[in-house]
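Chains as they are written, first to last, in our numbering: chain U, 15 to 320; chain Y, 34 to 311. Heads up, the beta-carbon is just placed ideally off N, CA and C, and yes, glycines get one too. As the structure is a prediction and not an experimental result, all values here were calculated from the model. Written below as structure tokens is the structure these notes are about.
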Amino acid sequence: MSNIIEVSHFTKSYGDFTAVNDISFEVEEGTIFAFLGPNGAGKSTTINTLCTIFEKSSGELKIAGYDVSTQKAEVRSSIGVVFQEATLDAKMTIEENLKMHCVFYHVPKHEVEERIHFVLNLVDLLAERRKLVGALSGGMKRRVEIARGLIHYPTVLFLDEPTTGLDPHTRAHIWEYIVKLQKERNITIFLTTHYMEEAEICDKIAIIDGGKIVAHDTPYVLKKKYTKDRAYITTKQPEALEQLLQQYNLNYERKDGYTRVEAEDISHLLQVLSLHKDAITDIEIRKGTFNDVFLEITGRKIREEE
Amino acid sequence: MNTIFALWIRGLKAFARNKISLIFSLIFPFFFVYVFGAIFRNDAIENPIAYMLSGVIITTVFESSLNLASSTVDDMVSGFMKEVLVSPARRITVAIGQILSAATVATVQGILILILGMFIGIKFTKWTTPVLVLVSMICVGLVFSGVGLFLATMVRSGQTFQIVKTAITMPLTFISGAYIPLSLLPDSLRTVAYFNPMTYATAFFRMIVLEKTHLLPEELVREGLAIEINGFIVTPVMSFIIICLIGLFFLILATRSFVKTDFSKLNRSSTDASALWG
């Protein structure tokens, strides 16, 4: 597979402030790529530069072989963008917004109606098509933006925090068809998010912090590398369990009412626990999450307030 | 071409949908005609209502087209401009579409006031008059849409923009002879008026509406339809050429500026730097 996005030594500064500091990465065609990081890490700056909105300070950025600084028109035709903030025309209806977009992107006239129907159906807004955008709820607006980003069938779709502020049901729905789209149309999807669980759906993840890429791999490898599975055990004989765990050199922590055991090797742990199985009343094994990955790499949680 | 048309339609739709602003834009001119007509009664003017109305109409066209500045800034703040600028649509077509749409809306507003004016004093006896009126409204509309778009690209903050806009429009309208005849202005202000493009637009437009195209320059000056600067008479035709030149200058400037502007630097809300720096 070939790389559809190629970024090398990209730096973007605003005066003294360096938002993105010498990053390099590639995205393979037809994959879902996620940029993960806290607010202010440089995610949006990178997206905006890739989308030809910002000018880079230095480095080279290419989409589908086109340089984002010197071949803007070609890049713009190949991409769809859903920005973090609203970019809809509030004074117009959903349908008018989509039609306007089709004009900008030179969608053949006879296909416009069919495509409007297709994308609005995807985001469940067919019934609202004649409503003014200004009168819609936040979640609906987001769905309109996503529909609009897709209507010209881009090669690469950029989604800057696509599901922020949406209810779980809508989020799940949007993800469902992001994945479907990627499979059906072989669209490459480049997204930023700070929802850790969303990152797991992606093929590749780059974790960015303070303008630097601190990790870049598949979700599986990242989790393998940076997280540990943990077993939460409730037992009738906590002392006996403690002894057993010490005997087998396992890391554990006794908490109020349960014991937490780190489980790098689940099968080994289960073997050990089988010696104690009569006393166990409850056992829960938790897989490592991306929150752990982030915590492990950067030393802090992705959203400090959580 | 399609982009131009789509943006043009968009402007017209937005205008037609905003009923309240439409109604007020029709009421205000007549309010001005009434007030200023009553204050500045002048025996030298034979048809004061038509005289005032013609000034008010062209001022409305001027203000309405200059409004492109506000609506473009609105589009930047609401984010719509970002959607436009990240699309493959060429920026020059976006600029042209915006200018044409603002000029059209301005002309339509001018026509609406003119039609209402027909009931209270404006009369056309020649078939050429409506054509000339229309042409000059379109010209003034284009000129100041260009100025408006240029202003919009100069803006760095949405909040201060309204103040700047008012600070520019107020003197341009009041020191143009549209509401207050130039002869009643103190000398210093009259000198300022000579540098005001609206002065020439008003004089030219008024001559057409009042159907005085046949008058000699000296007679036009006496009726306040031509401007005399230290003995030199700027005839309405010269006024028209001046306007067109200024317009051409700003249209080119605005289009260039719009194409070149780095909208990423726009501070969409001064308190929210993170939106800019992400």
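Limits of the unbroken beta strand (DSSP E) element including residue i
i	result
asparagine 35 (chain U)	31-42
threonine 248 (chain U)	243-249
histidine 230 (chain U)	226-231
glutamate 276 (chain U)	273-277
leucine 205 (chain U)	202-207
arginine 268 (chain U)	266-268
isoleucine 91 (chain Y)	No beta strand (DSSP E) holds isoleucine 91 (chain Y); the alpha helix (DSSP H) holding it covers 81-99.
glutamate 74 (chain U)	72-77
leucine 50 (chain U)	46-50
Option in the options with minimal Cα separation from residue i
i	options	result
isoleucine 275 (chain Y)	Y:Pro250, Y:Thr235 and Y:Asn100	Y:Thr235
leucine 64 (chain U)	U:Leu50, U:Thr84, U:Thr45 and U:Pro52	U:Thr84
cysteine 116 (chain U)	U:Lys105, U:Leu102, U:Arg162 and U:Val82	U:Arg162
asparagine 35 (chain Y)	Y:Arg123, Y:Ser221 and Y:Thr105	Y:Arg123
methionine 134 (chain Y)	Y:Leu167, Y:Gly44 and Y:Phe283	According to the sequence displayed, residue 134 (chain Y) carries serine and not methionine. Among Y:Leu167, Y:Gly44 and Y:Phe283, the Cα nearest to that of serine 134 (chain Y) belongs to Y:Gly44.
leucine 171 (chain U)	U:Ala104, U:Ile93, U:Glu214 and U:Lys242	U:Ile93
threonine 25 (chain U)	U:Phe39, U:Asn17 and U:Ile18	U:Phe39
tyrosine 119 (chain U)	U:Thr169, U:Ala213 and U:Ala277	U:Thr169
asparagine 265 (chain U)	U:Gly271, U:Tyr246 and U:Lys250	U:Tyr246
isoleucine 91 (chain Y)	Y:Ile146, Y:Thr246 and Y:Leu40	Y:Ile146
valine 89 (chain Y)	Y:Phe283, Y:Leu149, Y:Ala287 and Y:Ser216	Y:Leu149
serine 216 (chain Y)	Y:Gly257, Y:Leu55, Y:Thr105 and Y:Leu59	Y:Gly257
glutamate 310 (chain U)	U:Ile67, U:Ile77 and U:Thr241	U:Thr241
isoleucine 196 (chain Y)	Y:Ala102, Y:Thr232, Y:Ile155 and Y:Leu167	Y:Ala102
glycine 313 (chain U)	U:Gly224, U:Leu140, U:Ile188 and U:Ile61	U:Gly224
isoleucine 42 (chain Y)	Y:Ser272, Y:Val127, Y:Thr224 and Y:Phe61	Y:Val127
Where residue i sits in the DSSP three-state scheme
i	result
alanine 39 (chain Y)	helix
arginine 129 (chain U)	helix
asparagine 135 (chain U)	helix
leucine 215 (chain Y)	helix
serine 27 (chain U)	strand
phenylalanine 63 (chain Y)	helix
threonine 161 (chain Y)	helix
valine 121 (chain U)	coil
isoleucine 144 (chain Y)	helix
arginine 301 (chain Y)	Unreliable placement is indicated for arginine 301 (chain Y), whose pLDDT of 49 sits below 50; the coordinate value is still reported in the next sentence. Note: arginine 301 (chain Y) maps to coil in three-state DSSP.
isoleucine 155 (chain Y)	coil
tyrosine 80 (chain U)	strand
isoleucine 208 (chain Y)	coil
glycine 257 (chain Y)	coil
Unbroken alpha helix (DSSP H) run spanning residue i, endpoints
i	result
valine 307 (chain U)	304-312
asparagine 62 (chain U)	57-64
lysine 115 (chain Y)	113-118
alanine 220 (chain U)	Alanine 220 (chain U) -> not in any alpha helix (DSSP H); beta strand (DSSP E) instead, spanning 218-223.
arginine 300 (chain U)	Here arginine 300 (chain U) belongs to no alpha helix (DSSP H); instead the beta strand (DSSP E) covers 294-300.
aspartate 220 (chain Y)	220-227
isoleucine 266 (chain Y)	Note, isoleucine 266 (chain Y): premise wrong, no alpha helix (DSSP H); beta strand (DSSP E) at 265-267.
phenylalanine 237 (chain Y)	230-242
isoleucine 188 (chain U)	182-199
glycine 286 (chain U)	Checking the sequence, you will find valine at residue 286 (chain U) rather than glycine. That run of the alpha helix (DSSP H) goes 280-288.
Through-space distance from residue j to residue i, alpha-carbon basis
i	j	result
isoleucine 285 (chain Y)	leucine 278 (chain Y)	11 Å
lysine 197 (chain U)	glutamate 43 (chain U)	11 Å
tryptophan 160 (chain Y)	phenylalanine 238 (chain Y)	16 Å
leucine 249 (chain Y)	glycine 210 (chain Y)	20 Å
serine 120 (chain Y)	phenylalanine 113 (chain Y)	11 Å
valine 251 (chain Y)	serine 178 (chain Y)	It is glutamate, not valine, that sits at residue 251 (chain Y) in the sequence shown. Cα-Cα distance, rounded: 33 Å.
leucine 112 (chain U)	isoleucine 165 (chain U)	8 Å
alanine 229 (chain U)	glutamate 256 (chain U)	36 Å
valine 89 (chain U)	valine 275 (chain U)	51 Å
phenylalanine 158 (chain Y)	serine 290 (chain Y)	What sits at residue 158 (chain Y) in the sequence shown is threonine, not phenylalanine. Each residue's alpha carbon lies about 43 Å from the other.
phenylalanine 204 (chain U)	valine 242 (chain Y)	60 Å
asparagine 200 (chain U)	tyrosine 167 (chain U)	10 Å
arginine 300 (chain U)	threonine 45 (chain U)	28 Å
tyrosine 262 (chain U)	aspartate 36 (chain U)	46 Å
alanine 149 (chain U)	lysine 46 (chain Y)	17 Å
phenylalanine 48 (chain Y)	glycine 73 (chain U)	45 Å
glycine 54 (chain U)	proline 182 (chain U)	25 Å
proline 52 (chain U)	phenylalanine 207 (chain Y)	53 Å
valine 34 (chain U)	isoleucine 125 (chain Y)	31 Å
leucine 99 (chain Y)	tyrosine 234 (chain U)	57 Å
asparagine 305 (chain U)	methionine 210 (chain U)	6 Å
lysine 70 (chain U)	aspartate 108 (chain Y)	24 Å
glutamate 142 (chain U)	isoleucine 108 (chain U)	7 Å
Contact belief for residue i with residue j at Cβ below 8 Å, rounded distance in angstroms
i	j	result
glutamate 212 (chain U)	threonine 177 (chain U)	7 Å
glycine 271 (chain U)	threonine 295 (chain U)	The pair is not a contact, with the Cβ atoms about 10 Å apart (cut-off 8 Å).
valine 96 (chain U)	isoleucine 192 (chain U)	The pair is not a contact, with the Cβ atoms about 10 Å apart (cut-off 8 Å).
alanine 254 (chain U)	alanine 293 (chain U)	7 Å
leucine 205 (chain Y)	methionine 170 (chain Y)	At roughly 17 Å, the Cβ-Cβ gap does not stay under 8 Å, so leucine 205 (chain Y) and methionine 170 (chain Y) are not in contact.
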